[in-house]
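A.B. asks:
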Amino acid sequence: MRSVISGGGVPQRRPLLRVDANDERQVLVDAEHGVRYELNPTALALWELCDGATRVAEMVEGVCELFAVSPERAEADVYRTLDEFGRVGLIDWAAPGHLEDVEDRARRKRATAEPRHD
Amino acid sequence: MSVPLASVLVVGSEALYREALCDVLGSHAEFAVVGQAASFAEAVQVAVSADPELAVVEAGVRSAGGKPLCAALKDVCSARVLVVGDGGDQAELLAAVEAGADGFASRDVGLQRLFSALQRVRDGEAVVPPAMLGALLRDLIVRNRQVDSGRELLTRLTRREKEVLELLVDGCDHEAVADILVISPQTARTHIQNVISKLGVHSRLEAVSLAVRHGLVDRLDRKSA
Numbered sequence: 000m001r002s003v004i005s006g007g008g009v010p011q012r013r014p015l016l017r018v019d020a021n022d023e024r025q026v027l028v029d030a031e032h033g034v035r036y037e038l039n040p041t042a043l044a045l046w047e048l049c050d051g052a053t054r055v056a057e058m059v060e061g062v063c064e065l066f067a068v069s070p071e072r073a074e075a076d077v078y079r080t081l082d083e084f085g086r087v088g089l090i091d092w093a094a095p096g097h098l099e100d101v102e103d104r105a106r107r108k109r110a111t112a113e114p115r116h117d
Numbered sequence: 000m001s002v003p004l005a006s007v008l009v010v011g012s013e014a015l016y017r018e019a020l021c022d023v024l025g026s027h028a029e030f031a032v033v034g035q036a037a038s039f040a041e042a043v044q045v046a047v048s049a050d051p052e053l054a055v056v057e058a059g060v061r062s063a064g065g066k067p068l069c070a071a072l073k074d075v076c077s078a079r080v081l082v083v084g085d086g087g088d089q090a091e092l093l094a095a096v097e098a099g100a101d102g103f104a105s106r107d108v109g110l111q112r113l114f115s116a117l118q119r120v121r122d123g124e125a126v127v128p129p130a131m132l133g134a135l136l137r138d139l140i141v142r143n144r145q146v147d148s149g150r151e152l153l154t155r156l157t158r159r160e161k162e163v164l165e166l167l168v169d170g171c172d173h174e175a176v177a178d179i180l181v182i183s184p185q186t187a188r189t190h191i192q193n194v195i196s197k198l199g200v201h202s203r204l205e206a207v208s209l210a211v212r213h214g215l216v217d218r219l220d221r222k223s224a
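If you're matching them up, the sequences are chains A and B in order.
Going letter by letter, the first sequence gives residues 0 to 117 in numbering that gives the first Met the number 0.
Going letter by letter, the second sequence gives residues 0 to 224 in numbering that gives the first Met the number 0.
In structure tokens, the structure reads:
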């Protein structure tokens, strides 16, 4: 899994999982296979960020800032969590090209908008 | 082994809530209330004199100039700050985190959960209601993207163009820009048009909006006119 992350892969959560969460517990439910995954709040937050567009480095930066931990510690925690998600099949990995396509489309859309004058 | 009492400052505008909280915290085996305050100024004053280890602060308390109380407390004492606010308000939570809060608790929680949050803050944890954590992380990421985008945009502008953008944010038209920078109105218009073009927008209003939204204004070297 590390090789996918270092190659710029972007995590994408599986769409068939349902979140059952409140302040006391956080559970991902795979109704299709009858499996429940109990997560801690930070792990659930990271899973929700796996939207196919949020890069791992961004997650690391967010965790580092929010929890006031060193970048090394944040990176280790995020990587470990995503590794586990991948291992049990909670996420897939989108190729870097997918993310670039989204950004390129946004740039092209802005560039072709009708110009207005001040 | 007994746990040493942690000194606490309580800040809230509603006297009944503030005084009741002081009462129950004072009865708790681990906390000692060293002061209470109803306003920004009062809170800062008490913080300076009492130097509390902890502060329980109502969300949204700011100075007349808009500075969050949490940030002000961090300037004047070593307290770790627990902000208490609306459990469904992500904007309030993000503002608290950006102001340096060490924890956020919903005002809907009961006393035991408030005590637990305060103990965790005292112990060095970052405390966020679990149901709000995901959205908070996303808000931080979005904000960081805007900051990075803003940095990149600023690099496109010359020093003079940055000065012009600063003046546009201050509400100047091209004639005021010309007066302040001692240049001709036509030159001012050219600079303004260059700023608009380089920022990828279509009007002065959009340029100002983009500058404010991406925090470009804070990164400009602000000089008084």
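By construction, the Cβ of each residue, glycine as well, lies at the ideal position given by its N, Cα and C atoms.
Any beta carbon of chain A sitting closer than 8 angstroms to that of V83/B?
C.D. replies: By one-based count along the second sequence, residue 83/B stands at place 84. It does not: the Cβ of V83/B has no partner Cβ on chain A nearer than 8 angstroms.
A.B. asks: When you compare each of T53/A, D82/A, G8/A and Q25/A to L132/B by their alpha carbons, which one comes out closest?
C.D. replies: Residue mapping note: residue 132/B aligns to position 133 of the second sequence, counting from 1. Measuring from the Cα of L132/B, the nearest candidate turns out to be Q25/A.
A.B. asks: Would you mind working out which of S208/B, A58/B and A54/B sits nearest R79/B, comparing C-alpha positions?
C.D. replies: Along the second sequence, one-based indexing puts residue 79/B at 80. Comparing Cα positions, the closest option is A54/B.
A.B. asks: How would you list, in chain order, the residues of chain B whose beta-carbon sits under 8 angstroms from the beta-carbon of T41/A?
C.D. replies: The residue given as residue 41/A occupies position 42 in the first sequence. Near T41/A (Cβ distances below 8 angstroms), the residues of chain B are L132.
A.B. asks: By Cβ distance, which residues of its chain are closer than 8 angstroms to V18/A, with the 5 residues on each side in sequence left out?
C.D. replies: Locating residue 18/A in the first sequence gives position 19, where the first residue counts as 1. Once the five neighbours on either side are set aside, the close Cβ partners of V18/A are Q25, V26, L27, V28, L43 and E47.
A.B. asks: Classify S6/B as helix, strand or coil using the three-state DSSP reduction.
C.D. replies: Translated into the one-based positions of the second sequence, residue 6/B becomes position 7. S6/B: strand per DSSP, three-state reduction.
A.B. asks: Could you tell me which uninterrupted beta strand (DSSP E) segments, each at least 3 residues in length, are contained entirely in the segment 92–127 of chain B, listed from first to last along the chain?
C.D. replies: Fully enclosed beta strand (DSSP E) runs of 3 or longer: 102–105.
A.B. asks: Report the neighbours of R212/B on chain A: residues whose CB is nearer than 8 angstroms to its CB, in chain order.
C.D. replies: In the second sequence, the residue the question calls residue 212/B occupies position 213. Result: empty, since nearest Cβ-Cβ is about 15 angstroms, beyond 8 angstroms.
A.B. asks: For D22/B, report the span of its alpha helix (DSSP H) as first-last.
C.D. replies: Against the second sequence, residue 22/B aligns to sequence position 23. Per DSSP, D22/B belongs to the alpha helix (DSSP H) from A14 to S26.
A.B. asks: If G123/B and E91/B are in contact, beta carbons under 8 angstroms, what's the gap, nearest whole angstrom?
C.D. replies: Here residue 123/B refers to the residue found at position 124 of the second sequence. Here residue 91/B refers to the residue found at position 92 of the second sequence. Their Cβ separation, rounded to whole angstroms, is 23 angstroms, which puts G123/B and E91/B out of contact at 8 angstroms.
A.B. asks: Rounded to whole angstroms, how far is the Cβ of A14/B from the Cβ of F30/B, which I believe are closer than 8 angstroms?
C.D. replies: Working through the second sequence from its first residue, we reach residue 14/B at position 15. Working through the second sequence from its first residue, we reach residue 30/B at position 31. Rounded, the Cβ-Cβ distance is 20 angstroms, inconsistent with contact.
A.B. asks: Per DSSP, what are the beta-bridge partners of P67/B in this structure?
C.D. replies: What you label residue 67/B is simply residue 68 of the second sequence in a count that begins at 1. R61/B, per the DSSP bridge assignment.
A.B. asks: On the three-state DSSP scale, how would you describe D50/B?
C.D. replies: In the second sequence, residue 50/B corresponds to position 51, counting from 1. The answer is coil: DSSP assigns D50/B none of H, G, I, E or B.
A.B. asks: Rounded to whole angstroms, how far is the Cβ of Q104/B from the Cβ of L113/B, which I believe are closer than 8 angstroms?
C.D. replies: Reading the second sequence from its first residue, position 105 is the one you call residue 104/B. Reading the second sequence from its first residue, position 114 is the one you call residue 113/B. Inspection of the sequence shows that residue 104/B is occupied by Ala rather than by Gln. With a Cβ gap of about 6 angstroms, A104/B and L113/B count as contacting.
A.B. asks: Looking at C-alpha atoms only, which residue of A71/B, L204/B and G11/B is the closest neighbour of V168/B?
C.D. replies: Your numbering for residue 168/B matches position 169 in the second sequence. Checked all of A71/B, L204/B and G11/B; the closest Cα to V168/B is L204/B.
A.B. asks: Counting only Cβ pairs nearer than 7 angstroms, list the residues of chain B close to T53/A.
C.D. replies: On the first sequence, residue 53/A is found 54 positions in, with the first residue counted as 1. Near T53/A (Cβ distances below 7 angstroms), the residues of chain B are I140.
A.B. asks: I'd like the ranges of any alpha helix (DSSP H) spanning at least 4 consecutive residues and lying wholly in the segment 143–189 of chain B.
C.D. replies: If we require 4 residues or more, the alpha helix (DSSP H) runs fully inside the segment 143–189 of chain B come out as 158–168 and 173–180.
A.B. asks: Kindly indicate if chain A contains any beta-carbon less than 8 angstroms away from that of L92/B.
C.D. replies: By one-based count along the second sequence, residue 92/B stands at place 93. With 8 angstroms as the cut-off, L92/B does not count as an interface residue toward chain A.
A.B. asks: Helix, strand or coil for P129/B? Go by DSSP, reduced to three states.
C.D. replies: Counting from one through the second sequence, the residue named residue 129/B turns up at place 130. Three-state result, P129/B: helix.
A.B. asks: Would the segment 127–146 of chain B count as touching the segment 58–69 of chain A if we require 3 or more Cβ pairs under 8 angstroms?
C.D. replies: The segment 127–146 of chain B is in contact with the segment 58–69 of chain A.
A.B. asks: Between V194/B and L209/B, what straight-line distance do the alpha-carbon atoms span, to the nearest angstrom?
C.D. replies: By one-based count along the second sequence, residue 194/B stands at place 195. By one-based count along the second sequence, residue 209/B stands at place 210. Taking the straight line joining both Cα atoms gives about 11 angstroms.
A.B. asks: Could you name the residues of the segment 47–72 of chain A whose beta carbon sits closer than 8 angstroms to any beta carbon of chain B, in the order they occur along the chain?
C.D. replies: Of all residues in the segment 47–72 of chain A, E47, L48, T53, E57, M58, E60, G61, V62, E64, L65, F66 and A67 have a Cβ within less than 8 angstroms of some Cβ in chain B.
A.B. asks: Rounding to the nearest angstrom, what Cα-Cα distance links T53/A and E165/B in this structure?
C.D. replies: In the first sequence, residue 53/A corresponds to position 54, counting from 1. In the second sequence, residue 165/B corresponds to position 166, counting from 1. Looking at the two C-alpha atoms, the distance is approximately 32 angstroms.
A.B. asks: Check whether the Cβ atoms of G52/B and R121/B lie closer than 8 angstroms to each other.
C.D. replies: Here residue 52/B corresponds to residue number 53 of the second sequence, with the count starting at 1. Here residue 121/B corresponds to residue number 122 of the second sequence, with the count starting at 1. Here the sequence assigns Glu to residue 52/B, which means Gly is not the residue at that position. Yes. Within cutoff.
A.B. asks: Measuring alpha carbon to alpha carbon, tell me which residue in W92/A, L81/A, P10/A and A93/A is nearest T41/A.
C.D. replies: As a working mapping, residue 41/A is identified with position 42 in the first sequence. The option with the nearest alpha carbon to T41/A is L81/A.
A.B. asks: Going by the beta-carbon positions, is the gap between A71/B and F39/B smaller than 8 angstroms?
C.D. replies: Residue mapping note: residue 71/B aligns to position 72 of the second sequence, counting from 1. Residue mapping note: residue 39/B aligns to position 40 of the second sequence, counting from 1. In contact: A71/B and F39/B (Cβ atoms closer than 8 angstroms).
A.B. asks: If the cut-off is 8 angstroms on Cβ atoms, which residues from the segment 111–125 of chain B count as contacting chain A, listed in chain order?
C.D. replies: Those residues of the segment 111–125 of chain B that come within reach of chain A (Cβ to Cβ, closer than 8 angstroms) are A125.
A.B. asks: Assuming contact is defined by CB atoms lying nearer than 8 angstroms, are P10/A and C63/A in contact in what I supplied?
C.D. replies: Walking along the first sequence from the start, residue 10/A turns up at place 11. Walking along the first sequence from the start, residue 63/A turns up at place 64. Not in contact: P10/A and C63/A (Cβ atoms no closer than 8 angstroms).
A.B. asks: Where does V83/B fall in DSSP's three states?
C.D. replies: Position 84 of the second sequence, counting from 1, holds the residue named residue 83/B. Three-state result, V83/B: strand.
A.B. asks: Have a look at R90/A and E174/B and give me their C-alpha separation to the nearest angstrom.
C.D. replies: Position 91 of the first sequence, counting from 1, holds the residue named residue 90/A. Position 175 of the second sequence, counting from 1, holds the residue named residue 174/B. The amino acid occupying residue 90/A in the given sequence is Ile; Arg does not appear at that position. Cα-Cα distance, rounded: 57 angstroms.
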